[in-house]
Amino acid sequence: MRGFRTPGDKRPLVLLLGWLGSKHQHLNKYTQMWQTAMPSAQDKALLRFMKDFNYLYSSLCTVRGDTPPVLVHSMSNAGFIAYGTMLHLVSLLSSPITAPAASGESPRLVFDPTQMAAAGGLTARSYGLWGGEGRGARRMGGSGGEHPFSTDPTAMAVLSAFRQVLRNTQGIIIDSAPSQATPGIWSKGFLSAVFSEGAHDIEESHPLLLRGTHALAERYLSLPHVVKRIREIRHAWQYRVPPCPQLYLYSEADALIPYHHVELFMQQQAAHGIPVHHHRWVDSAHCEHYRKHPQQYTNLCRSFSEFCLHSHTSPEVWV
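For the sequence shown, UniProt numbering begins at 1 and goes up steadily by one.
The structure is reproduced here in structure tokens:
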């Protein structure tokens, strides 16, 4: 991704969260889009995973003493869930993990690159959204309200770094999301990722498999721990998200995410005081808005980013 100069000579970093099944080559076009949208950039950083973003961001804060603004670009329900999971887990941290500061200096984030590199992906999967309690996670509600990753120092290193990212998030772009957790949406989205096919083709190409997956999704979404995780993620998006502008990019022609689900969530966010911006197309498929309308998509992201970085008041430290 690229950054461009903002007041105080700070270049933004973009956290790009892909859709379920997306790979590096799929997201290259968005990397190129941000390079086009921010042509005056001198820095470039390719961010593949959330842990890599935390690693880079913490390195900048520690080595350069810089706290660059962050823009989040989330794709589909998978990106929405990944970011919401991090929001929830960070909200459970009882106190900042900081190093003692010298006289007259501000505390700085404790950052151990060896722990960060070994942490792997701390995502919805590791937290147990997809089944069980997740790797390294303890059941919530234990003695003393213990954090689910309190016994995993590498995971805590990722979370402490991500909290610093949240403090400096200036804008969030949400592409083709979110939707309500229904068996139809989850089964169609899962098969679309497995077969690398558009959601609009799944019903015709795999009708029997879709029917069976739908039945499994009904049972899965009714499991108590899954219901709890989904509730936590939605709550985190509404009450723990950075108080910065959000841009929703969606379409009436999306065969996976009903546009009225997106608009209902937008209304809920606006009711909580979040500045909400949006654009609705009538002809682009799920996560295909940039392919269908490249120039308009780029212009929307550029103008929104400039608004967040230059016009909108920076959020105060809130976590």
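Heads up, the beta-carbon is just placed ideally off N, CA and C, and yes, glycines get one too.
Since this is a predicted model, take the numbers as computed values, not measurements.
Check, Outcome
"Thinking C-alpha only, which one of LYS29, LEU264, TYR83, ARG240 is nearest GLN295?", "LYS29"
"Classify ASP283 as helix, strand or coil using the three-state DSSP reduction.", "coil"
"Fully enclosed by the stretch 159 to 219, which alpha helix (DSSP H) runs are 4 residues long or longer?", "183 to 195, 199 to 205"
"Are the CB atoms of VAL14 and LEU87 nearer to each other than 8 angstroms?", "no"
"Using alpha carbons as the reference points, say which of ILE174, LEU249, VAL194 lies closest to HIS279.", "LEU249"
"Cα-Cα, which of GLY79, GLN35, ALA181 is closest to LEU223?", "ALA181"
"Return the CA-CA distance between residue 342 and LEU264, expressed in angstroms with no decimal places.", "Residue 342 is absent from the structure shown; the chain starts at 1 and stops at 319."
"Skipping 5 residues on each side, what residues in its chain have a beta carbon closer than 7 angstroms to that of PRO183?", "HIS214, ALA217, GLU218, LEU221"
"Please say whether ARG163 and LEU93 have beta carbons closer to each other than 8 angstroms?", "yes"
"Count Cβ pairs between the stretch 235 to 249 and the stretch 296 to 310 that sit closer than 8 angstroms; are there 3 or more?", "yes"
"With distances taken from CA atoms, which of VAL262, LEU159, HIS225 is nearest SER251?", "VAL262"
"Helix, strand or coil, according to DSSP, for LEU16 in the structure here?", "strand"
"Smallest Cα separation from TYR239: which of ALA270, ASN77, LEU209?", "ALA270"
"In the DSSP output, what is LEU249 paired with across the bridge?", "ASP175, HIS279"
"Strictly by DSSP, which residues pair up with residue 326?", "In the structure as shown, the chain begins at 1 and stops at 319. Residue 326 is therefore absent and cannot be evaluated."
"Count the other CB atoms within 10 Å of the CB of ASP283; is the residue buried (16 or more) or exposed (fewer)?", "exposed"
"Tell me the residue span of the alpha helix (DSSP H) that contains LEU300.", "294 to 306"
"Would you kindly work out how many angstroms separate the C-alpha atoms of GLY18 and SER187, rounded to a whole number?", "18 angstroms"
"Which residue comes first and which comes last in the alpha helix (DSSP H) that contains ILE257?", "Premise fails: ILE257 is in no alpha helix (DSSP H) and is neither H nor E."
"Would LEU208 be called buried (16 or more neighbouring beta carbons within 10 Å of its own) or exposed?", "exposed"
"Leaving out five residues on either side along the sequence, give the residues of the same chain with a beta carbon under 7 angstroms from the beta carbon of CYS287.", "TRP19, MET75, SER76, ASP175, SER176"
"Mapping the DSSP letters down to three states, classify ILE274 as helix, strand or coil.", "coil"
"Applying the 10 Å Cβ sphere with the 16-neighbour rule, what's the burial state of HIS73?", "buried"
"Taking the C-alpha atoms as reference points, what is the distance between PRO153 and SER160?", "10 angstroms"
"Which first and last residues belong to the alpha helix (DSSP H) in which HIS88 is found?", "76 to 91"
"Residues in its own chain within less than 8 angstroms of PHE304 by CB, not counting five upstream and five downstream?", "GLY171, ILE173, PRO245, LEU247, HIS277"
"Can you grab the Cα-Cα spacing for the pair ARG229 / ASP254, in whole Å?", "26 angstroms"
"With a 10 Å radius around its C-beta and 16 neighbouring C-beta atoms as the bar for buried, classify GLU204 as buried or exposed.", "exposed"
"Could you check which residue in VAL158, ILE274, GLU197 has the C-alpha nearest to that of PRO242?", "ILE274"
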